[in-house]
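2 protein chains.
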Amino acid sequence: MTTLKFVPYSSAFDTGFWHELTRRKLEVYRLDSSNQSIFGYYANDANDNMPALFNVDHQCFDENNKISNQQQLYSVNGTLKLVNTIEEFKTFDIDSALKTESSLLWNDFVQGSTLENPQKLNRFYLLIFADLKKYIYHYWFAFPTFLVPTAFNLSSPVKPIGEQFSSDEIGAISKTLEANKLHACCLHREQNSSFAVINLKQAVENLNEKPQSASEYIFIVNDPSTDPVHPGWPVRNLLTLLYYHLRAVEQLNVICWRERFRDDQQYVNHSLYLQLKPESISNIGDAVPPSAGWEKNERQRLGSRQVNLSTSMNPIHLAETAVGLNLKLMKWRLAPEIDLESLEKMHCLLLGAGTLGCNVARCLMAWGVKHVTFVDNSRISYSNPVRQTLFTFQDSCENRPKAQAAADALKAIYPGIKSIGYDLTIPMPGHAVGESTIEKVKEDVNLLHDLIRQHDVLFLLTDSRESRWLPTVIGAVEQKLVLCCAVGFDSYVIIRHGVPAKESDTPPTRYKNFLRGDKLGCYFCNDIVAPGDSSIDRTLDQQCTVTRPGISMMASALSVELLVSIMQHPLRLAYSEIKTS
Amino acid sequence: MTTLKFVPYSSAFDTGFWHELTRRKLEVYRLDSSNQSIFGYYANDANDNMPALFNVDHQCFDENNKISNQQQLYSVNGTLKLVNTIEEFKTFDIDSALKTESSLLWNDFVQGSTLENPQKLNRFYLLIFADLKKYIYHYWFAFPTFLVPTAFNLSSPVKPIGEQFSSDEIGAISKTLEANKLHACCLHREQNSSFAVINLKQAVENLNEKPQSASEYIFIVNDPSTDPVHPGWPVRNLLTLLYYHLRAVEQLNVICWRERFRDDQQYVNHSLYLQLKPESISNIGDAVPPSAGWEKNERQRLGSRQVNLSTSMNPIHLAETAVGLNLKLMKWRLAPEIDLESLEKMHCLLLGAGTLGCNVARCLMAWGVKHVTFVDNSRISYSNPVRQTLFTFQDSCENRPKAQAAADALKAIYPGIKSIGYDLTIPMPGHAVGESTIEKVKEDVNLLHDLIRQHDVLFLLTDSRESRWLPTVIGAVEQKLVLCCAVGFDSYVIIRHGVPAKESDTPPTRYKNFLRGDKLGCYFCNDIVAPGDSSIDRTLDQQCTVTRPGISMMASALSVELLVSIMQHPLRLAYSEIKTS
Chain A
1 MTTLKFVPYS
11 SAFDTGFWHE
21 LTRRKLEVYR
31 LDSSNQSIFG
41 YYANDANDNM
51 PALFNVDHQC
61 FDENNKISNQ
71 QQLYSVNGTL
81 KLVNTIEEFK
91 TFDIDSALKT
101 ESSLLWNDFV
111 QGSTLENPQK
121 LNRFYLLIFA
131 DLKKYIYHYW
141 FAFPTFLVPT
151 AFNLSSPVKP
161 IGEQFSSDEI
171 GAISKTLEAN
181 KLHACCLHRE
191 QNSSFAVINL
201 KQAVENLNEK
211 PQSASEYIFI
221 VNDPSTDPVH
231 PGWPVRNLLT
241 LLYYHLRAVE
251 QLNVICWRER
261 FRDDQQYVNH
271 SLYLQLKPES
281 ISNIGDAVPP
291 SAGWEKNERQ
301 RLGSRQVNLS
311 TSMNPIHLAE
321 TAVGLNLKLM
331 KWRLAPEIDL
341 ESLEKMHCLL
351 LGAGTLGCNV
361 ARCLMAWGVK
371 HVTFVDNSRI
381 SYSNPVRQTL
391 FTFQDSCENR
401 PKAQAAADAL
411 KAIYPGIKSI
421 GYDLTIPMPG
431 HAVGESTIEK
441 VKEDVNLLHD
451 LIRQHDVLFL
461 LTDSRESRWL
471 PTVIGAVEQK
481 LVLCCAVGFD
491 SYVIIRHGVP
501 AKESDTPPTR
511 YKNFLRGDKL
521 GCYFCNDIVA
531 PGDSSIDRTL
541 DQQCTVTRPG
551 ISMMASALSV
561 ELLVSIMQHP
571 LRLAYSEIKT
581 S
Chain B
1 MTTLKFVPYS
11 SAFDTGFWHE
21 LTRRKLEVYR
31 LDSSNQSIFG
41 YYANDANDNM
51 PALFNVDHQC
61 FDENNKISNQ
71 QQLYSVNGTL
81 KLVNTIEEFK
91 TFDIDSALKT
101 ESSLLWNDFV
111 QGSTLENPQK
121 LNRFYLLIFA
131 DLKKYIYHYW
141 FAFPTFLVPT
151 AFNLSSPVKP
161 IGEQFSSDEI
171 GAISKTLEAN
181 KLHACCLHRE
191 QNSSFAVINL
201 KQAVENLNEK
211 PQSASEYIFI
221 VNDPSTDPVH
231 PGWPVRNLLT
241 LLYYHLRAVE
251 QLNVICWRER
261 FRDDQQYVNH
271 SLYLQLKPES
281 ISNIGDAVPP
291 SAGWEKNERQ
301 RLGSRQVNLS
311 TSMNPIHLAE
321 TAVGLNLKLM
331 KWRLAPEIDL
341 ESLEKMHCLL
351 LGAGTLGCNV
361 ARCLMAWGVK
371 HVTFVDNSRI
381 SYSNPVRQTL
391 FTFQDSCENR
401 PKAQAAADAL
411 KAIYPGIKSI
421 GYDLTIPMPG
431 HAVGESTIEK
441 VKEDVNLLHD
451 LIRQHDVLFL
461 LTDSRESRWL
471 PTVIGAVEQK
481 LVLCCAVGFD
491 SYVIIRHGVP
501 AKESDTPPTR
511 YKNFLRGDKL
521 GCYFCNDIVA
531 PGDSSIDRTL
541 DQQCTVTRPG
551 ISMMASALSV
561 ELLVSIMQHP
571 LRLAYSEIKT
581 S
């Protein structure tokens with residue numbers, strides 16, 4: 001008498017699984033390494049010579065356990081254990097984890113719920129350490145199965161169903177199963193050479209009542225294996241379940257159901273027919289029997305596997321994820337409440353793409369801002385690149401317009417950013433407008449106004465006082481947040497302009513006593529001199545802003561922090577709209 | 001009787017003049033716009049059809065008025081007026097300036113010093129506004145000459161000397177002049193058909209004594225003009241001088257001396273011979289007569305010219321100058337005493353080319369540091385470029401080593417920088433060294449030691465505590481300045497390590513009571529835990545330094561400012577050597 005052997009699952013990951021895992025780790029689980037319920041699935045339609053695949057993909061985290069309504073996919077519940085360090089992964093107590101997982105399976109077996117719901121025939125355990133800095137994922141699957149009975153004895157050799165059943169019978173079986181997409185069930189041979197489906201529980205009860213009718217019952221289990229003699233894991237677990245529940249039955253007929261559809265034609269003849277002589281294992285009772293199931297690695301040893309996605313992922317997508325990484329990590333421990341989403345959606349307009357403009361743009365990008373527009377009217381000269389951190393020597397050789405070059409540089413750093421540069425002269429009080437340029441200046445005013453309207457936040461980063469005047473006025477009219485940053489040699493100034501309130505705005509009661517955002521002043525509020533042409537009659541050191549080289553970095557970083565802080569306040573700009581979509 | 005007309009000077013600049021002017025403006029004159037003495041020169045060897053060039057080059061600022069010992073260059077003293085603004089240039093009082101310059105010339109004429117030193121026959125005035133941000137130079141030359149007499153009447157038409165003198169005579173004249181390289185002189189025709197040189201003063205005295213001997217005297221003046229009938233400005237001024245000093249002379253013989261050497265052969269036959277009938281102008285006395293002399297511009301109108309060097313200069317040299325510009329401007333007004341030279345010569349070693357390393361390098365470069373070496377053992381990943389300001393998305397796609405990429409980026413920003421990157425793992429306490437890696441680790445220690453020895457300043461910018469340990473120890477042994485900068489989420493720390501004193505060091509008395517640099521602690525001084533492997537068992541948010549994105553910019557800028565401050569102190573590192581060459 002030969003013994004039945006089984007083909008273990010081979011785990012198969014869809015890349016989507018890793019993406020979703022990465023997202024959830026960063027945004028949802030964070031440091032939480034407790035067990036998470038997930039599911040996977042197998043199919044019974046694989047081509048010959050394929051391993052018995054066990055699949056996980058991006059849907060597997062869905063709490064409703066819904067697989068897309070593809071045919072022939074059979075879901076399996078499992079446990080995801082996502083540990084935080086490689087050390088934790090390497091020293092993980094796999095025996096204990098398998099025992100816990102097996103006992104869940106066994107409890108369902110002995111309490112009969114698996115008989116009622118054959119989806120419970122399988123479980124899995126998935127241990128993962130995700131090195132999200134490198135996109136290397138260490139993982140180890142366990143598909144628990146039991147070491148009892150020690151052997152499944154076959155009454156006759158395993159054979160294709162065609163050798164046991166006639167074509168008509170197979171057609172009848174197939175037709176009967178069509179409406180019954182359970183993981184496993186039982187067929188009862190009726191008088192008119194047709195078959196009736198009964199559930200496992202009913203079949204076990206019938207057989208225990210009338211053991212001698214065993215030949216009328218054929219158990220059906222959807223089988224992921226494609227091997228011509230060895231069925232897969234679901235068959236093994238079904239047999240264990242039946243051996244436990246069946247009493248004096250001497251014969252057990254099982255079809256390991258495999259079906260393929262090719263060109264709308266169904267093929268099922270590679271399904272296997274098993275005839276076994278069960279021996280009851282009910283004597284072991286509730287105690288969880290010894291189990292096995294950790295998947296072997298590529299070298300066929302017990303050990304974990306790893307997947308390196310950094311080489312196969314779309315680099316732009318990789319960058320996208322990676323850039324979010326540092327920011328999302330803030331929320332794990334240090335600042336769980338921080339609102340980064342509103343920064344990501346914010347549209348920032350930078351007036352000036354010089355030393356301050358470059359550094360402010362870099363800081364915004366590092367904070368996760370995705371929309372940065374530059375306005376500047378000058379071109380890159382040789383002295384710029386050492387201080388204006390978005391430009392290179394080559395840019396100065398080509399004398400490129402700063403705004404465009406800055407936008408291009410941002411995209412070269414991070415392709416996910418949306419950045420445009422406008423080569424535009426901001427109209428300034430005190431600067432004469434000749435007859436011939438009136439139309440051009442009007443156009444410039446309109447373009448500036450449009451740009452301010454289209455953005456949520458304005459940064460004033462130009463190198464003269466008067467160029468900040470018109471944007472200050474338009475910013476107030478359009479109720480936009482205006483941040484003004486200016487550097488000197490010894491000092492710098494960062495001003496948050498007040499955002500005028502709309503008449504309909506009423507502050508929530510608890511903020512009544514606070515300094516309201518609409519009561520704040522602007523860059524020009526304390527001036528006793530009207531802005532005029534400050535470029536006339538200035539020596540070289542008055543034309544170039546002579547500053548200590550590091551001041552711009554400090555002032556830029558703090559300006560952006562001020563913006564980030566404002567966005568964390570419940571009132572944001574205090575009563576003014578901020579477009580966040 | 002025809003009137004003699006003259007060819008005015010055409011100014012000609014050697015590019016070296018502008019470079020030297022730029023350097024002096026930035027480093028020496030700064031805001032000083034008072035008159036500066038400079039000189040220019042003319043030659044008498046130009047090819048036919050060339051204008052009468054008046055040259056200025058880089059030597060013209062030399063206080064000793066030395067032209068390189070080229071033959072046939074005749075220097076002219078002048079005044080450089082370098083104004084500070086374009087408005088000052090445009091509204092400049094050119095009449096008054098010319099009057100002042102002319103009076104200098106006239107005083108030398110009437111007081112006789114020009115007769116003794118014919119170099120004083122000419123002066124020039126050069127008004128300049130240098131737009132050093134754009135390398136555009138606005139300039140206007142004046143070559144003062146006098147409007148008296150109103151005409152110079154020729155006794156006979158201007159002719160080449162060959163029509164007046166025989167070859168032998170010309171040969172004799174030439175031979176006589178060979179030893180007398182004065183701007184102008186006089187020849188007396190001797191009996192033996194040879195000539196004797198006498199100076200102008202002597203000639204004037206002789207002629208005033210014996211006016212009837214006028215035909216024996218031939219005045220020689222080196223002439224920049226190449227025109228076949230019109231001599232140049234020096235001739236005009238010589239005639240004015242002689243008309244002023246000569247009394248009853250009725251005949252004046254003048255040779256406008258022009259000589260070319262081609263293939264070691266002297267050609268002088270294109271020199272002009274003039275015969276004039278002078279009328280004394282001595283009646284005008286000391287009063288400075290009306291003058292003229294502002295050069296016409298390209299459109300032959302009275303007006304300034306401009307030269308744009310940005311397109312013709314070597315871009316690398318342009319960048320070199322431009323980068324110094326902002327720094328040098330500091331010394332004009334805001335911090336005249338600041339020592340930037342020692343920064344330029346300093347060799348900085350940056351351990352770590354991550355967020356801090358990139359920003360520190362950028363700040364150093366902006367402060368004018370020219371030698372930056374990076375050490376890092378990691379490669380650029382997708383999350384890096386948005387914060388590590390020397391890298392781009394492309395670098396992360398190529399997974400480039402950080403140290404090398406950072407060095408390359410610095411050179412792309414400013415080709416004048418000397419930067420190298422070492423892909424080196426700093427040996428760390430607590431990190432196990434296996435048998436197989438012992439030799440490699442020893443090599444790494446030696447390389448690190450060599451690097452520290454070769455540099456003046458070390459920045460500790462790595463992302464773990466233990467990687468800072470070995471450089472701290474070697475830095476102390478080698479008596480190098482060590483600056484340690486580390487960032488967290490809420491805070492950052494910048495530490496200047498103490499530099500151990502050499503036994504022979506004794507502090508100058510006035511610093512006896514100061515906190516001595518050798519008494520300062522280091523990053524590890526207050527630690528109660530020995531440095532160990534801090535990378536083990538750390539979750540993702542502990543592995544990545546989770547900081548607010550702007551903190552690195554602030555900390556980097558301040559670290560570099562600390563270095564700059566230390567370099568301003570008379571004791572520098574306090575008693576330790578700092579290599580500044």
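As you go down the protein sequences, you meet chains A and B in turn.
Note that the first sequence covers residues 1 to 581 in full-length UniProt numbering.
Note that the second sequence covers residues 1 to 581 in full-length UniProt numbering.
No residue lacks a Cβ here, since even glycine has one placed at the ideal position from N, Cα and C.
For clarity, every value in this text was computed on a predicted model and none was experimentally measured.
Asked: Compare the C-alpha of B/N222 against each of B/N44, B/W469, B/T2, B/G421 and name the closest.; Found: B/N44
Asked: Does DSSP put A/P549 in a helix, in a strand, or in coil?; Found: coil
Asked: Starting from A/Q266, follow the alpha helix (DSSP H) in both directions and report where the run begins and ends.; Found: No alpha helix (DSSP H) holds A/Q266; the beta strand (DSSP E) holding it covers 265 to 267.
Asked: Should A/L31 and A/R333 be called a contact, given that it needs their Cβ atoms to be closer than 8 Å?; Found: yes
Asked: Enumerate in chain order the residues of its own chain whose CB-to-CB distance from A/V493 is below 6 Å, with the five nearest sequence positions on each side excluded.; Found: A486
Asked: Helix, strand or coil for A/H138, going by three-state DSSP, please let me know.; Found: strand
Asked: By DSSP, does A/D541 sit in helix, in strand, or in coil?; Found: helix
Asked: Run down chain B in chain order and give the residues with a C-beta less than 9 Å from the C-beta of A/K133.; Found: S381, S383, L540, Q543, C544
Asked: Quick check: the region 105 to 117 of chain B against the region 22 to 31 of chain B, are there 3 or more CB pairs under 8 Å?; Found: no
Asked: Could you pull out every residue in the same chain whose Cβ sits closer than 6 Å to the Cβ of A/V433, ignoring the five residues on either side in sequence?; Found: V441
Asked: Between A/S37, A/M346, A/D527, which lies nearest to A/V76 when the distance is taken from Cα to Cα?; Found: A/S37
Asked: Go ahead and pull the three-state DSSP assignment for B/I578.; Found: In this predicted model, B/I578 has a pLDDT of only 40, less than 50, meaning its place in the structure is not dependable enough to derive any value.
Asked: Which one of A/N122, A/C525, A/P531, A/F39 has the shortest CA to CA distance from A/K81?; Found: A/F39
Asked: Is the distance from the Cβ of A/A319 to the Cβ of B/S534 below 8 Å?; Found: no
Asked: Quick check on the DSSP output: the alpha helix (DSSP H) that includes A/G293 runs from which residue to which?; Found: Looking at the DSSP string, A/G293 is not in any alpha helix (DSSP H); the run it does join, the beta strand (DSSP E), is 291 to 294.
Asked: Please confirm whether A/Y414 has its beta-carbon closer than 8 Å to some beta-carbon of chain B.; Found: yes
Asked: Which chain B residues sit within Cβ distance under 7 Å of A/L329?; Found: L540, D541, C544, V546
Asked: Considering only the beta carbon of each residue, do A/S419 and A/T373 sit closer than 8 Å?; Found: yes
Asked: Counting only Cβ pairs nearer than 7 Å, list the residues of chain B close to A/R333.; Found: D541
Asked: With a cut-off of 8 Å, does the C-beta of B/G434 fall near any C-beta of chain A?; Found: no
Asked: Apart from the five residues just before and just after A/P500, which ones in its own chain have a Cβ nearer than 7 Å to its Cβ?; Found: A476, Q479, D518
Asked: Just checking: is the beta-carbon of A/M567 within a distance shorter than 8 Å of some beta-carbon in chain B?; Found: no
Asked: Indicate whether at least one CB of chain A lies closer than 8 Å to the CB of B/T392.; Found: yes
Asked: Can you tell me which of the three DSSP states residue 633 of chain A falls into?; Found: Summary: the structure shown does not reach residue 633 of chain A, with chain A confined to residues 1 through 581, and so no result is reported for it.
Asked: For A/L98, which of A/P149, A/K411, A/W140 has the nearest alpha-carbon?; Found: A/W140
Asked: Determine, using beta carbons only, whether B/A361 and A/M554 come nearer to each other than 8 Å.; Found: no
Asked: What residues are listed by DSSP as bridge partners for A/Y273?; Found: A/K159, A/I255
Asked: Mind reading off the beta-carbon distance from A/L246 to A/L207? Whole number of angstroms is fine, and I expect it under 8 Å.; Found: 6 Å
Asked: Mind checking if B/I536 is an interface residue toward chain E, Cβ cutoff 8 Å exclusive?; Found: Among the protein chains in the structure shown, which are A and B, there is no chain E.
Asked: Identify the contact partners of A/E87 in chain B, using a Cβ-Cβ distance below 9 Å as the criterion.; Found: I536, D537, R538
Asked: Enumerate in chain order the residues of its own chain whose CB-to-CB distance from A/H230 is below 7 Å, with the five nearest sequence positions on each side excluded.; Found: K5, F6, V7
Asked: Consult DSSP for B/D227 and reduce its assignment to one of helix, strand or coil.; Found: coil
Asked: Determine the direct distance from the alpha carbon of B/L460 to that of B/I474, and round the result to whole angstroms.; Found: 12 Å
Asked: Grab me the residues of B/D463's own chain with a C-beta within less than 8 Å of its C-beta, minus the 5 sequence neighbours each way, in chain order.; Found: G352, G354, T545
Asked: Does DSSP classify A/C522 as helix, strand or coil?; Found: coil
Asked: Measure from the alpha carbon of B/D62 to the alpha carbon of each residue in B/S102, B/A52, B/F17, B/S96, then state which is nearest.; Found: B/F17
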